[in-house]
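Below is one structure, written out as structure tokens; the observations come after it.
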Amino acid sequence: MTATRHGSVDARHPAAVPAGMHTRTVRGRAGKPLTPYLFLAPFMAVFGVFVLVPAVYGIWISLHNWDFFLPERPWVGLGNYTELFDPTSFVASEFWQSMRATGLFVLFSVPFLVTIPLGLALLLNRTFRGRTFFRAVYFAPYVLGVSVIGLLWQYLLNANVGLVNHYLSRLGVDEVIPWLTATPWVWVSLVGVTVWWTLGFNTVIYLAGLQGIDTTLYEAARVDGAGRRHEFWHVTLPSLRPVLLFVLTITILASANMFGQAYMLTNGAPNNETRTAIMVIAETGLEQFRMGRAAAMSYVLALLLIGISTLNFFLFRRQEKN
Amino acid sequence: MHANGKPPSRRTFLRLGAALAAGAAAPLSACAGPDLSAADPPSASDSYDGPPLTLRFWNGLTGADGAMMRELLREFSEQRPNITVQMFAMPWDAFYRKFPAAVASGLAPDIGLMQNFHVATNAARGVIIPLDEVADRLGLTEAGFAETVWRSGIFNGRRFSIPLDVWPDSLFYNRRVLAHAGLDPDDPPRDRVSYEEALEALAENGVAGHWLPAVDPQGVGRGFDSLQWQMGGDLYDADGGRALFNGPEAVEALTWQRERIVTGQSPRNVNGGDANVAFKNDLNAFMWGGPGALINDFSAVEDLDWGVVPLPTIGAAPASFAGSHQFVIMRQHEFDAARLSATYTFLSWISANSVKWADAGPVPARQDAVDSPEFSELPAQSSVAQALSDVRFYPLIPGIFEVQSTILYPAISDVLLLNADPQQALDDAARQAESLLAENKQKYAEVMT
Chain R
9 MTATRHGSVD
19 ARHPAAVPAG
29 MHTRTVRGRA
39 GKPLTPYLFL
49 APFMAVFGVF
59 VLVPAVYGIW
69 ISLHNWDFFL
79 PERPWVGLGN
89 YTELFDPTSF
99 VASEFWQSMR
109 ATGLFVLFSV
119 PFLVTIPLGL
129 ALLLNRTFRG
139 RTFFRAVYFA
149 PYVLGVSVIG
159 LLWQYLLNAN
169 VGLVNHYLSR
179 LGVDEVIPWL
189 TATPWVWVSL
199 VGVTVWWTLG
209 FNTVIYLAGL
219 QGIDTTLYEA
229 ARVDGAGRRH
239 EFWHVTLPSL
249 RPVLLFVLTI
259 TILASANMFG
269 QAYMLTNGAP
279 NNETRTAIMV
289 IAETGLEQFR
299 MGRAAAMSYV
309 LALLLIGIST
319 LNFFLFRRQE
329 KN
Chain E
10 MHANGKPPSR
20 RTFLRLGAAL
30 AAGAAAPLSA
40 CAGPDLSAAD
50 PPSASDSYDG
60 PPLTLRFWNG
70 LTGADGAMMR
80 ELLREFSEQR
90 PNITVQMFAM
100 PWDAFYRKFP
110 AAVASGLAPD
120 IGLMQNFHVA
130 TNAARGVIIP
140 LDEVADRLGL
150 TEAGFAETVW
160 RSGIFNGRRF
170 SIPLDVWPDS
180 LFYNRRVLAH
190 AGLDPDDPPR
200 DRVSYEEALE
210 ALAENGVAGH
220 WLPAVDPQGV
230 GRGFDSLQWQ
240 MGGDLYDADG
250 GRALFNGPEA
260 VEALTWQRER
270 IVTGQSPRNV
280 NGGDANVAFK
290 NDLNAFMWGG
300 PGALINDFSA
310 VEDLDWGVVP
320 LPTIGAAPAS
330 FAGSHQFVIM
340 RQHEFDAARL
350 SATYTFLSWI
360 SANSVKWADA
370 GPVPARQDAV
380 DSPEFSELPA
390 QSSVAQALSD
400 VRFYPLIPGI
410 FEVQSTILYP
420 AISDVLLLNA
430 DPQQALDDAA
440 RQAESLLAEN
450 KQKYAEVMT
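Protein chains in written order, with my numbering: chain R, 9 to 330; chain E, 10 to 458.
Here it is, written out as structure tokens:
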């Protein structure tokens, strides 16, 4: 990223290029060399104290059998990690079951969370009466906290006394649908609630992206005889690429960190099938106080997510080159 | 600034950052575990008369019981103007997560109230202190309490808690629903035959008589616990090394529960909350639950005609799962004699006045309170109290609650959702429990010897 910034500096000062690397840098950063770091300092202080230090500390914890309240915290080396990859251990089976649940949730929710808001943003980007009202309406659920939407949908989706089943029975659906207690309904509920809750956020980002597209591109396309569909595929989508990458990445990360919805709605039912990785980590670390093991689990999850995000970036970059 | 005037390169900067992070983490990791040597609070009287002070009291009484407790605290402060007890209530699971951290960081409250099945765990963690001498000083002895309740405060040969109350799971019945099905609303079924007959009579009237929760955040397995004890089973062996809940008695208990659902005497996929809503709307005749939660809950519903008796005896002998709220004193980095004295004063007062706490629903732990005329004026609580001799508690094993809640309860839930066979599910759970029990044993071994 620094490299691109240098590039733009070069472009504005073409004379500096032949002078070589050293001069270029000094001119580009005119003045005191520490200035940029001082600008970064307030952020770095917060980032360091609340992210970097805990993260490093977490590695240290994960190498111990660590209970906050017990006097002995024996060093176990990579024991917490090897245990997670030991197919005979109960911990591993619980952890990987939760990873599977997390993976399924990502798989089911991300396509909807990426496409529906895009369609919605395209609609809301048109000019029509009441546009602002609808923009607010679709964003509204996102304002609510997870405990609020959890409680709300718990009442609505309750199998025996819930409103959803009540109306379904009025419509002639005689079967009682176990929204919160049986597969595949639990996934329908969790994904549905999450999409309803968070689509406003992605929509707003898409909207900003859409408004940033140069209108002359559309004019040019129209001059060339492009229809609406062509405009979408050849102007809108390519121009949205950085926004798409951003939305896809944060949506995957957010879905992989899903906790509140499952905790409130299903609490892992049926038989821990909807217990997500974060739920297991929280239970292990903060309820049973097995911090070392929980830290190791967190690192496995984090490494996987870093891997997926990197893959994501590479895929988009390769497309860009093409 | 760099000697040659060049700005630090990005790599240097990153290295610097990493070094700083590691450096900052080092002192954190260097700090050893908390000091858990035998806590030695100074001796203090149980009649504080010093300058005014405020005690901090944490608990999980977030419902109507919380309001009741605050009322008691107000009354106490009226009689002892120099002691104010400031109460912080938070959901129980948050309480169990937070207070050990508060103790470790030296910000512990003075007093806590906890459920009996968490006492052993926290005693083993060393975050609460032994109270043998305190109990002696306050004149509390086994003779003054129901035996099971009194002994539930003793772990590893020492007393760690003072029981306040006991809440046996009981049978709540909707009188109007019973009468409507032609059953005697004044004579709820008390044994297996009459209970099953009542359920059949209700079914003939189109009422699912016993909504049996298959999912319940409050603990779906409590009915199962009671039943398997009634059938003669036990959950764990004496020293907490082995799970026994896959024995024939337990399988019979779970099979009986499952039958209620299969035969339509309970709807499927019932959540703990559903059973309650159905009961309040005259759609459910029987509910098994704790008096602490339900007595006030049902009393608050206008036009609900209900009663409560001890659980029916489905197995060979009566038995009811029960819990108990117990006072504990938190470990402090440094104990203050004046605060301790005020704490003892408060414990002494509230124990002596525990009959007033019965308004909140539970039965007082003290025998003299149960025998008092004030208590006999509470019909629901008095009826619940008949079960006192048959109450059963979880064994006093550190970490026992997590075995119940993370292994046994999900297995029971799976069976009651009709996804698994009782024997198979309990066998699997017992095998999983074995590894957690062994781990707990090893983890707490040092403190326990």
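Glycine is no exception: its CB is placed at the ideal position from the N, C-alpha and C atoms. Treat the numbers as computed from the prediction; the structure is a model and nothing was measured.
- The residue among E/Gly69, E/Ile421, E/Asp312, E/Phe85 with its C-alpha nearest the C-alpha of E/Tyr57 is E/Phe85.
- Pairing E/Met240 with R/Phe103, the inter-Cα distance amounts to about 35 angstroms.
- When C-beta atoms of the stretch 384-395 of chain E are compared with those of the stretch 123-134 of chain E, fewer than three pairs fall below 8 angstroms, so the two segments do not count as touching.
- Within chain R, no C-beta atom comes less than 8 angstroms from the C-beta of E/Leu81; the nearest is roughly 30 angstroms away.
- Distances from the CA of R/Ala190 to each of E/His219, E/Asn183, E/Ala223 were compared; the closest alpha carbon is that of E/Ala223.
- R/Ser306 places its beta carbon 8 angstroms or farther from that of R/Leu261.
- As a beta-bridge residue in DSSP terms, E/Tyr245 pairs with E/Ala252.
- Distances from the CA of E/Ala361 to each of E/Tyr105, E/Asp102, E/Trp67, E/Leu149 were compared; the closest alpha carbon is that of E/Leu149.
- 8 angstroms or more divides the Cβ of E/Pro276 from the Cβ of E/Ser179.
- Per the C-alpha coordinates, the member of R/Tyr214, R/Phe209, R/Thr110, R/Pro250 positioned closest to R/Arg326 is R/Pro250.
- Here the alpha carbon of E/Arg146 sits roughly 12 angstroms from the alpha carbon of E/Thr352.
- Proximity of R/Pro192 to chain E, defined by a Cβ-Cβ separation below 8 angstroms, is not satisfied.
- At a beta-carbon threshold of 9 angstroms, the residues of chain E lying near R/Ala167 are Pro276, Arg277, Asn278, Val279, Asn280, Asp283, ordered along the chain.
- Contact check for E/Ile409 and E/Ala129: beta-carbon distance about 7 angstroms, within the 8 angstroms limit, so the pair qualifies.
- For R/Gly158, no Cβ of chain E is located within less than 8 angstroms of the residue's own Cβ.
- Runs of the beta strand (DSSP E) spanning 3 or more residues and lying entirely within the stretch 253-330 of chain E occur at 295-298, 315-319, in chain order.
- Counting only unbroken stretches of 3 or more residues, the beta strand (DSSP E) elements lying wholly within the stretch 331-396 of chain E are 334-338, in sequence order.
- A Cβ-Cβ separation of about 6 angstroms places E/Arg340 in contact with E/Ile137 under the 8 angstroms criterion.
- In this structure, R/Ala264 keeps its C-beta atom at 8 angstroms or more from the C-beta atom of R/Val122.
- When DSSP states are grouped into helix, strand and coil, E/Gly121 belongs to the strand group.
- In terms of beta-carbon proximity, E/Ala247 stays away from the interface with chain R, with every pair separated by 8 angstroms or more.
- Contacts with chain R at 8 angstroms (Cβ-Cβ) do not include E/Pro321.
- In the DSSP assignment, E/Asp74 falls within the unbroken alpha helix (DSSP H) covering 73-88.
- DSSP links E/Gln95 through a beta bridge to E/Arg65.
- In terms of CA proximity to E/Pro388, E/Ala367 leads the group E/Trp101, E/Glu206, E/Asp399, E/Ala367.
- Below the 8 angstroms Cβ cutoff, chain R contributes Asn168, Val169 as neighbours of E/Ala287, in chain order.
- Chain E places no beta carbon closer than 8 angstroms to that of R/Phe209, leaving this residue out of the contacts.
- Each residue's CA atom was taken as its position, placing R/Ala129 and R/Val156 some 26 angstroms apart.
- Comparing alpha-carbon positions, the option among R/Ala270, R/Phe98, R/Leu311, R/Leu309 lying closest to R/Gly158 turns out to be R/Ala270.
- Straight through space, the alpha carbons of E/Asp119 and E/Glu343 are spaced by roughly 11 angstroms.
- For the stretch 235-265 of chain E, the beta-carbon criterion of a distance under 8 angstroms to any beta-carbon of chain R is satisfied by none of its residues.
- Look at the beta carbons and you see the stretch 282-292 of chain R touching the stretch 95-110 of chain R: at least three pairs across the two are nearer than 8 angstroms.
- At least one CB of chain E lies nearer than 8 angstroms to the CB of R/Gln296.
- Rounded to whole angstroms, the separation of the alpha carbons of E/Ser333 and E/Pro226 is 19 angstroms.
- R/Asn265 sits in coil when the DSSP states are folded into three classes, being neither helix nor strand.
- E/Arg184 and E/Arg199 have their alpha carbons spaced roughly 15 angstroms apart.
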